[in-house]
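Heads up: the protein sequence lines correspond to chains A and G, in order. Going left to right, the first sequence walks through residues 5 to 641 as the working numbering numbers them. Going left to right, the second sequence walks through residues 5 to 641 as the working numbering numbers them. Ideal placement from N, C-alpha and C gives every residue a C-beta, glycine not left out. Quick caveat, the model's predicted, so the values are computed rather than measured. Everything below concerns the one structure shown next.
2 protein chains.
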Amino acid sequence: MTEENTEIKYTVHFEPDNIDIVVSAEANLMEAAVAAGVHINASCGGAGVCGTCNVIIKRGQVESTRTDKISEHDYKKGFRQACKSRIMSNLIVEIPATSKLEKAVLSREELLSSCALASGWKFDPPVKKAYLELTPPAMEDNTSDLSRLLKGLKQQSGYDKVSVDSDILYELADILRKDDWSVTVTLLEDSNNSFKLINIEPGDTRAKNYTLVFDIGTTAVRGQLLDLNRGRMLAQGIDYNRQISYGEDVISRIAWAQKQDGMEKLQKAVVATINDMIKNLAKRANIDISDIAHIVFAANTVMTHLLLGLNPKYLRLSPYVPTANYLPLIKAHKTGIEVADSVYLYSLPCVASYVGGDIVSGILGTGIYQKDKLTLYIDIGTNGEIVIGNRDWMVTAACSAGPTFEGGGIKHGMIATSGAIEGFDVDARTYEPLITTIDNAKPKGICGSGLINIGAKLLDKGVIDQNGKFNTGLLNRRIREGAHGFEYVLAYGAETQTYKDIVLTETDIANLIRSKAAMYAGYQTLLQSVDKKFINLEQVIIAGTFGNNINIENAITIGLLPDIPRNRFLFVGNGSLLGARLSAFSRDLLNEGRKISSMMTNLELSENSLFMDNYIAALFLPHTDGGEFPSVRLGGK
Amino acid sequence: MTEENTEIKYTVHFEPDNIDIVVSAEANLMEAAVAAGVHINASCGGAGVCGTCNVIIKRGQVESTRTDKISEHDYKKGFRQACKSRIMSNLIVEIPATSKLEKAVLSREELLSSCALASGWKFDPPVKKAYLELTPPAMEDNTSDLSRLLKGLKQQSGYDKVSVDSDILYELADILRKDDWSVTVTLLEDSNNSFKLINIEPGDTRAKNYTLVFDIGTTAVRGQLLDLNRGRMLAQGIDYNRQISYGEDVISRIAWAQKQDGMEKLQKAVVATINDMIKNLAKRANIDISDIAHIVFAANTVMTHLLLGLNPKYLRLSPYVPTANYLPLIKAHKTGIEVADSVYLYSLPCVASYVGGDIVSGILGTGIYQKDKLTLYIDIGTNGEIVIGNRDWMVTAACSAGPTFEGGGIKHGMIATSGAIEGFDVDARTYEPLITTIDNAKPKGICGSGLINIGAKLLDKGVIDQNGKFNTGLLNRRIREGAHGFEYVLAYGAETQTYKDIVLTETDIANLIRSKAAMYAGYQTLLQSVDKKFINLEQVIIAGTFGNNINIENAITIGLLPDIPRNRFLFVGNGSLLGARLSAFSRDLLNEGRKISSMMTNLELSENSLFMDNYIAALFLPHTDGGEFPSVRLGGK
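Below, the structure written as structure tokens:
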């Protein structure tokens, strides 16, 4: 169980953020900060010419070139340009306020678990802009506009053998002449590790180079707008996937797609969701949508098919075959996404019908494929996905958890936005609730992480039993009989945004039990398939759609997570979006996606009898086999 | 002036066609026949398995494998499979009637000058079809449809690293399952010498693999439909370019393009012409338009821009810059051409604003770039183009001859179709005409080659003088004064298709003189630029839009062609279409187009004062300087 990687590593501690990251010896300090989610300004994108990325080395050694951007005096005091410094020992680095004006690139949860991040990558986005000042044509040099452009691109920026998107030709002549032969071209790495010229603009537009990344889930779509010049996130958003009106899970979506115009409706629904989000993100970041140069998305296989307009019919018919796992670059406007015509969509590759690009993206972002540690990766969403493995091998499976953890199938369920009840406890004597909500707003509903916390606390305090049934003998009128059986009132209408009581019903609890049982049976079956036990896991990385966090203890109490030492758990937030974001920042990582997809072995659980046995055994809180959860002591016993 | 190429060459004589071709030692006999335009059946496309390409070696040696397709008896008699035979000496080859059922691939004029053909190329079209029988998916092998297809393509046909056109994905799943996992894929060589998967069809459709080639001229569009399996031409056609209603020459088209909706109208006009021709060609060849896999076109730079929807604005403004000379592959349907969505347009590369892909195509087809002989290549059309050079260097120029040689600006001019007056003589005593027409139909008008013949004979017999004015003292009422000056009646209304008199006017003759003067001044100026004289030319290849042929003697008499030994002239018919056709048959040649374009040095005549002097000196029949045409003796003197 020891890390067997013999490469030399150093720990860098950043102040005042108080964040550590472990990196390889001689790594670039700027990139270490980006990976750690510590923001340092770098107006020039790391070229060393702007002098905005100054840091103070408080302890340890860096190898650094002094440029005229740092005075002799400051240099002696330890000031260095982060982009010009290589890490030669453990370090303590202070980032002065002047270098810290912008938002962090990684979210708080990701920072907390920054040791669970892909390493060894360079900040080198697959989309580039290059500014060219071309020599105007003359009688003795009247080659074509395109030849002149490509020659300038080679001479001034070193890009050779660039392929040309024919769409750029239509305005080429006028654009070249608009700003006196000064232009900015956009280049996109295509599948062959070579570049394609996808856009041309008059003048110098390098300062505007943005990418959108999306995690397209069955229930919710999450997106971020990124500035590719500075590796920072400008805005992020979440919205329900409008396909929900055509069914809550992937199976019902596939069924819908087979109806007359079904495919078209489903595609339009998710595209409308994305288009609204793009407008919103651009508005909040105060950028023009036309300056977005690229889109990266990660989605499960069904969502990937539906977004691109591919019929998912065969995904649900044995032997469950996707149309394509590795998708060629597709023009975004072909799908109906409203961005510039030059923008291509990059899809994280899928593995199988129920193991999609979202999970590949999570493995990519968390770097599991790079490490020796035997890791269980869990992506908790409507389509629950599991991976077990390390740098040498990986097995994967999908178990349909249902939309429970995104608030679906729960009477007052909702996605993790403002007003969702997340924190919960019960007074052991009065059985009165203690709730906290996202943004401390008036309660509006229950999100996935809230549901886990509520379930665990109600169980622990004896309000429900291990079958998920209410103890109706307790003296609190919050436990009452509703229209469809017993329920517990979390908040009365007088206190809520909806002016209605927010309750948790026995049906909700039954759904929670089914969902957590499916997840647990999934890990169990996958482990058994490789002849391992839970205790062999050196690391459990939890990704998913929860709000701020997941309470590990509570998740174990209800049997959603295995009962192993708590320090082996890491929560990385939305792993799919993390991987998509890192793919947008790094060509290396983008190209690793395919490698990850090809090294995964998929186990089909839907026809697996062991999985069914494990599932039935898990339909109890925490489990029918108490030996599986030795440390869970209900009621403080 | 001797051929310095030391490679061993053999002459192959084909009977009963009575055609010779010079080829490299060890060349494939089938390919030699295709290059010579001699048709031999080959149902299997040259794989040696059908036995339909049997020929008889009457003299000389081939190296050939005997398969069971030829009996021992026949083998002893000299029968060989052409596709399995390599040429080891000079040969006399007889093609039995059983192997000669189909139309020849090269036209009569091309055959007559088959020594003026590119050599050394393989029959290896840039578009291929491959038939695959894939293993159906199973639970233990449920990779995606696309991965299965690409794996099968690699294993069964050897194509690796194939890129995928994303448009094929939409129907992929259903097509694979339609004929039990048997499919035919279409592959197109893309710009990097690698292949792109552009189409997929259920079952085995290899037998249907067609290409269209077009020469898109300012006045006329010429097209051919080719069968890529057998290297044969199935149908050909000619039609007026409907852009004519927007001006007769390229300059007026460029002007039109600057008007409101001008570009769109011009593009639609040429595309409508092409679409009608495609329907007609497919109908006559009895094939489905949906089985056309590829389109190759050659056109002058302005026509290339207008077809693709690129504004030609800067082509007529000094320093005369095209948007692009080397054009990326463009989907045909993007231009409005009505073929399958999978079809790409390949454009022969252009050189400069007035030296286009048509001329590059002609140089390619005639192989001038491969040979030592100092050659003058003349493409006589509305936009007259000239090349002088050999394998080491080439200079080129365009001189706006006007539409005269395509019948434009001539009162009763027409393109070279049925009813055009082509052959002409005048009775020296009565001045009565002797005319012949294309297809021996009733006269309808005068085509370009007819105009040359008429001009020469009227001059020779003294009906017009060297200024192009009628000798009104002659006693024949065919010489009369019309509404706009003197004219000569070629045919009276009673004999014509139009029921109107067909005449040649003095204005027509003035236009002829201007056009021939522009051409002649063009060659002269270009030769002077490289310090050569007409007598240094070892070969003059004439391409153009004439009907069956051009009468060299008559062309010299009026001063259109230089007065050098007649055996140095070769007429290759439509050189542009020839090169386009060979590009459709051979990847090698298709890739040579770019090389040719880049080795050409363009001389701009429009701002050249020497050209203007030469032009003015040539405004006489045959020339103001009689010393330029020593052998021309008018009136038999």
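By the neighbour-count criterion, in which 16 or more other beta carbons inside 10 Å mark a residue as buried, A498(A) falls on the exposed side.
In the structure shown, G548(G) adopts extended strand secondary structure according to DSSP, grouped into three states. In the structure shown, P206(A) adopts extended strand secondary structure according to DSSP, grouped into three states. Using a CB distance cut-off of 8 Å, G313(G) counts as an interface residue toward chain A.
I363(G) and N578(G) have their C-alpha atoms roughly 10 Å apart. Taking a Cβ-Cβ threshold of 7 Å, the residues of chain A close to L176(G) are T327, in chain order. Contact annotation: in the segment 340 to 357 of chain A, residues whose CB is within less than 8 Å of a CB in chain G are C354, A356 and S357. Contact note: I334(A) reaches chain G through S170, using a C-beta cutoff of 7 Å and chain order. Residue contact with chain G for K155(A): absent (no Cβ-Cβ distance below 8 Å to any residue of chain G). Ranked by Cα distance from R395(A), the first of M604(A), E410(A), S580(A) and I554(A) is M604(A). Taking the Cα positions, E426(G) is about 56 Å away from A336(A). Of the candidates Q159(A), I458(A) and G452(A), I458(A) places its Cα closest to the Cα of L438(A). Of the residues Y318(A), I299(A) and N315(A), the one whose Cα lies closest to the Cα of S346(A) is I299(A). Annotated as distal: N618(G) and L378(G), with beta-carbon spacing of 8 Å or more. Counting other Cβ atoms within 10 Å of its Cβ, S249(G) stays below 16 and is therefore classed as exposed. In the three-state scheme derived from DSSP, where H, G and I count as helix and E and B as strand, L574(G) is classed as strand. Apart from the 5 residues on each side of it in sequence, A276(G) sits with its Cβ closer than 7 Å to the Cβ of R246 in its chain, given in chain order.
Assignment of P626(G) by DSSP, reduced to helix, strand and coil, places it in the coil class. Annotation for I390(G): the continuous beta strand (DSSP E) segment containing it runs G388 to G393. With the rule of 3 Cβ pairs closer than 8 Å, the segment 90 to 97 of chain G counts as touching the segment 15 to 34 of chain G. Taking one beta carbon from each stretch, the segment 148 to 157 of chain G and the segment 281 to 295 of chain A have fewer than 3 pairs nearer than 8 Å; the two do not touch. As the crow flies, the alpha-carbon of G417(G) is around 9 Å from that of F409(G). The Cβ of L173(A) sits closer than 8 Å to at least one Cβ of chain G. For the pair T511(A) and T386(A), the CB atoms are not nearer than the 8 Å cut-off. The DSSP assignment places 186 to 193, 199 to 206 and 214 to 220 as complete runs of the beta strand (DSSP E) inside the segment 161 to 228 of chain G, in order along the chain (cut-off: 3 residues). A Cβ-Cβ distance of about 6 Å is found for the pair L191(G) and L201(G), placing them in contact under the 8 Å criterion. Of all C-beta pairs linking the segment 83 to 92 of chain G to the segment 63 to 71 of chain G, three or more are shorter than 8 Å, placing the two stretches in contact. Using a Cβ-Cβ cut-off of 8 Å, P206(G) does not count as an interface residue toward chain A, since no Cβ of chain A sits closer than that to its own. Inter-residue distance for A460(G) and Q470(G) is about 10 Å (C-alpha atoms, whole angstroms).
Annotated three-state conformation of F490(G) is strand, per DSSP.
Assignment of E426(A) by DSSP, reduced to helix, strand and coil, places it in the strand class. Leaving aside the five residues that flank D164(A) on each side, the residues in its chain whose CB is nearer than 7 Å to its CB run, in chain order, K158. Boundaries of the beta strand (DSSP E) harbouring T15(A): K13 to E19, taken from the DSSP string. Per DSSP, K132(G) is one residue of the beta strand (DSSP E) stretching across V131 to E137. M34(G) sits buried, since 16 or more C-beta atoms from the chains shown fall within 10 Å of its C-beta.
Counting C-beta atoms within 10 angstroms of its own C-beta, R518(G) has 16 or more neighbours from the protein chains shown and is therefore classed as buried.
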